[in-house]
Amino acid sequence: MKELSLVSLICSCFYPEAHNKMMGEFEDMKVKPINKRASGQAFEVILKPPSPTSDGGYSITSPPKKEVSLENIQKKLEAAEDRRRSQEAQVLKALAEKREHERDVLLKAMEENSNFSKMAEEKLTSKMEHNTKNREALLLAMLERLQEKVRTQ
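Numbered by the numbering used here, the letters in the sequence shown go through residues 24 to 176 in order.
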(Lines of atoms letter the chains of each structure in order from A and count residues from 1; the text may use other names and numbers.)
(Lines give C-alpha, C1' and ligand atoms only; values in the text may rest on other atoms or scores of the structure.)
Protein backbone atom coordinates (compact mmCIF):
# COMPACT_ATOMS: atom_id res chain seq x y z
CA MET A 1 0.00 0.00 0.00
CA LYS A 2 1.36 3.39 -0.93
CA GLU A 3 0.96 5.96 1.82
CA LEU A 4 0.31 9.65 1.40
CA SER A 5 2.20 11.79 3.82
CA LEU A 6 0.32 14.48 5.67
CA VAL A 7 2.53 17.16 4.15
CA SER A 8 1.86 15.97 0.61
CA LEU A 9 -1.85 15.81 1.33
CA ILE A 10 -1.84 19.40 2.64
CA CYS A 11 0.28 20.59 -0.29
CA SER A 12 -2.20 19.00 -2.66
CA CYS A 13 -4.82 21.40 -1.33
CA PHE A 14 -2.71 24.37 -2.43
CA TYR A 15 -1.47 22.88 -5.70
CA PRO A 16 -4.36 21.00 -7.32
CA GLU A 17 -2.38 20.02 -10.46
CA ALA A 18 0.00 17.97 -8.35
CA HIS A 19 -3.00 16.66 -6.47
CA ASN A 20 -4.62 15.31 -9.63
CA LYS A 21 -1.49 13.31 -10.34
CA MET A 22 -1.56 11.84 -6.86
CA MET A 23 -5.21 10.86 -6.98
CA GLY A 24 -5.83 7.48 -8.35
CA GLU A 25 -5.67 3.88 -7.47
CA PHE A 26 -3.20 2.28 -5.15
CA GLU A 27 -2.76 -1.41 -4.47
CA ASP A 28 -5.61 -1.81 -2.03
CA MET A 29 -7.37 1.56 -1.99
CA LYS A 30 -8.71 4.17 -4.32
CA VAL A 31 -8.74 7.89 -3.55
CA LYS A 32 -11.31 10.05 -5.35
CA PRO A 33 -11.65 13.80 -4.94
CA ILE A 34 -15.14 15.05 -4.20
CA ASN A 35 -16.32 18.49 -5.27
CA LYS A 36 -14.64 21.40 -3.53
CA ARG A 37 -16.40 22.80 -0.52
CA ALA A 38 -16.15 26.13 1.22
CA SER A 39 -14.21 24.50 4.03
CA GLY A 40 -11.60 22.99 1.73
CA GLN A 41 -11.02 19.75 -0.13
CA ALA A 42 -13.01 16.56 0.38
CA PHE A 43 -11.77 13.08 -0.45
CA GLU A 44 -13.37 9.69 -0.67
CA VAL A 45 -11.20 6.71 0.16
CA ILE A 46 -12.46 3.41 -1.19
CA LEU A 47 -10.86 0.26 0.15
CA LYS A 48 -10.76 -2.67 -2.23
CA PRO A 49 -11.79 -6.10 -1.00
CA PRO A 50 -8.85 -8.41 -0.38
CA SER A 51 -7.91 -10.37 -3.46
CA PRO A 52 -7.57 -14.14 -3.28
CA THR A 53 -3.87 -13.81 -4.05
CA SER A 54 -3.20 -11.58 -1.08
CA ASP A 55 -1.53 -13.17 1.90
CA GLY A 56 -4.38 -14.24 4.24
CA GLY A 57 -6.93 -11.89 5.61
CA TYR A 58 -6.22 -9.94 8.68
CA SER A 59 -8.90 -11.27 10.92
CA ILE A 60 -9.21 -9.71 14.28
CA THR A 61 -9.82 -12.31 16.91
CA SER A 62 -10.51 -11.67 20.51
CA PRO A 63 -7.94 -13.02 22.92
CA PRO A 64 -8.73 -16.44 24.27
CA LYS A 65 -10.80 -16.28 27.41
CA LYS A 66 -9.39 -17.76 30.53
CA GLU A 67 -11.33 -20.57 32.03
CA VAL A 68 -13.32 -19.34 34.97
CA SER A 69 -13.53 -21.90 37.70
CA LEU A 70 -15.09 -21.84 41.12
CA GLU A 71 -11.63 -22.19 42.68
CA ASN A 72 -10.32 -19.11 40.83
CA ILE A 73 -13.35 -17.10 41.88
CA GLN A 74 -12.94 -18.23 45.50
CA LYS A 75 -9.23 -17.34 45.45
CA LYS A 76 -9.96 -13.90 44.05
CA LEU A 77 -12.70 -13.31 46.63
CA GLU A 78 -10.39 -14.41 49.45
CA ALA A 79 -7.61 -12.15 48.16
CA ALA A 80 -10.04 -9.23 47.99
CA GLU A 81 -11.24 -9.96 51.53
CA ASP A 82 -7.63 -10.10 52.75
CA ARG A 83 -6.90 -6.76 51.09
CA ARG A 84 -10.01 -5.26 52.69
CA ARG A 85 -9.04 -6.58 56.12
CA SER A 86 -5.49 -5.31 55.68
CA GLN A 87 -6.75 -1.88 54.66
CA GLU A 88 -9.15 -1.78 57.64
CA ALA A 89 -6.30 -2.78 59.96
CA GLN A 90 -4.12 0.01 58.56
CA VAL A 91 -6.92 2.55 59.04
CA LEU A 92 -7.52 1.37 62.61
CA LYS A 93 -3.80 1.47 63.34
CA ALA A 94 -3.55 5.02 61.98
CA LEU A 95 -6.54 6.09 64.10
CA ALA A 96 -5.02 4.47 67.20
CA GLU A 97 -1.71 6.26 66.57
CA LYS A 98 -3.56 9.55 66.11
CA ARG A 99 -5.48 9.07 69.37
CA GLU A 100 -2.24 8.12 71.16
CA HIS A 101 -0.59 11.28 69.86
CA GLU A 102 -3.57 13.41 70.92
CA ARG A 103 -3.48 11.84 74.39
CA ASP A 104 0.27 12.48 74.67
CA VAL A 105 -0.19 16.11 73.63
CA LEU A 106 -3.03 16.55 76.12
CA LEU A 107 -0.97 15.01 78.94
CA LYS A 108 1.98 17.22 78.10
CA ALA A 109 -0.24 20.32 78.05
CA MET A 110 -1.73 19.36 81.42
CA GLU A 111 1.75 18.77 82.87
CA GLU A 112 3.00 22.12 81.57
CA ASN A 113 -0.09 23.84 82.97
CA SER A 114 0.46 22.16 86.33
CA ASN A 115 4.14 23.16 86.34
CA PHE A 116 3.21 26.73 85.45
CA SER A 117 0.65 26.85 88.25
CA LYS A 118 3.19 25.52 90.76
CA MET A 119 5.83 28.03 89.65
CA ALA A 120 3.33 30.90 89.79
CA GLU A 121 2.22 29.82 93.26
CA GLU A 122 5.83 29.55 94.45
CA LYS A 123 6.65 33.01 93.07
CA LEU A 124 3.56 34.50 94.67
CA THR A 125 4.33 32.87 98.03
CA SER A 126 7.92 34.08 97.86
CA LYS A 127 6.79 37.59 97.00
CA MET A 128 4.25 37.61 99.83
CA GLU A 129 6.89 36.43 102.32
CA HIS A 130 9.27 39.11 101.11
CA ASN A 131 6.57 41.80 101.40
CA THR A 132 5.67 40.57 104.91
CA LYS A 133 9.33 40.75 106.00
CA ASN A 134 9.69 44.23 104.53
CA ARG A 135 6.52 45.40 106.28
CA GLU A 136 7.65 43.96 109.60
CA ALA A 137 11.04 45.64 109.19
CA LEU A 138 9.34 48.92 108.32
CA LEU A 139 7.03 48.66 111.34
CA LEU A 140 9.99 47.88 113.64
CA ALA A 141 11.87 50.86 112.25
CA MET A 142 8.88 53.11 112.81
CA LEU A 143 8.42 51.75 116.33
CA GLU A 144 12.08 52.39 117.16
CA ARG A 145 11.85 55.96 115.88
CA LEU A 146 8.73 56.48 117.90
CA GLN A 147 10.42 55.12 121.03
CA GLU A 148 13.44 57.31 120.31
CA LYS A 149 11.19 60.36 120.11
CA VAL A 150 9.50 59.40 123.36
CA ARG A 151 12.89 59.05 125.12
CA THR A 152 14.13 62.37 123.83
CA GLN A 153 11.12 64.22 125.07
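Heads up, the beta-carbon is just placed ideally off N, CA and C, and yes, glycines get one too.
C-beta atoms of residue i and residue j nearer than 8 Å
i, j, result
"glutamine 64", "proline 56", "yes"
Residues of its chain near residue i, where Cβ-Cβ distance is below 7 Å and the 5 sequence neighbours each way are ignored
i, result
"leucine 70", "Asp51 and Met52"
Nonlocal neighbours in the same chain, by C-beta distance under 8 Å from residue i, ignoring five residues either side
i, result
"lysine 165", "Inspection of the sequence shows that residue 165 is occupied by methionine rather than by lysine. The answer is none, since no qualifying residue turns up."
"valine 91", "none"
Those runs of the beta strand (DSSP E) which lie wholly inside the stretch 47 to 132 and span at least 3 residues: Counting only runs of 3 or more, we get 52 to 60 and 63 to 70.
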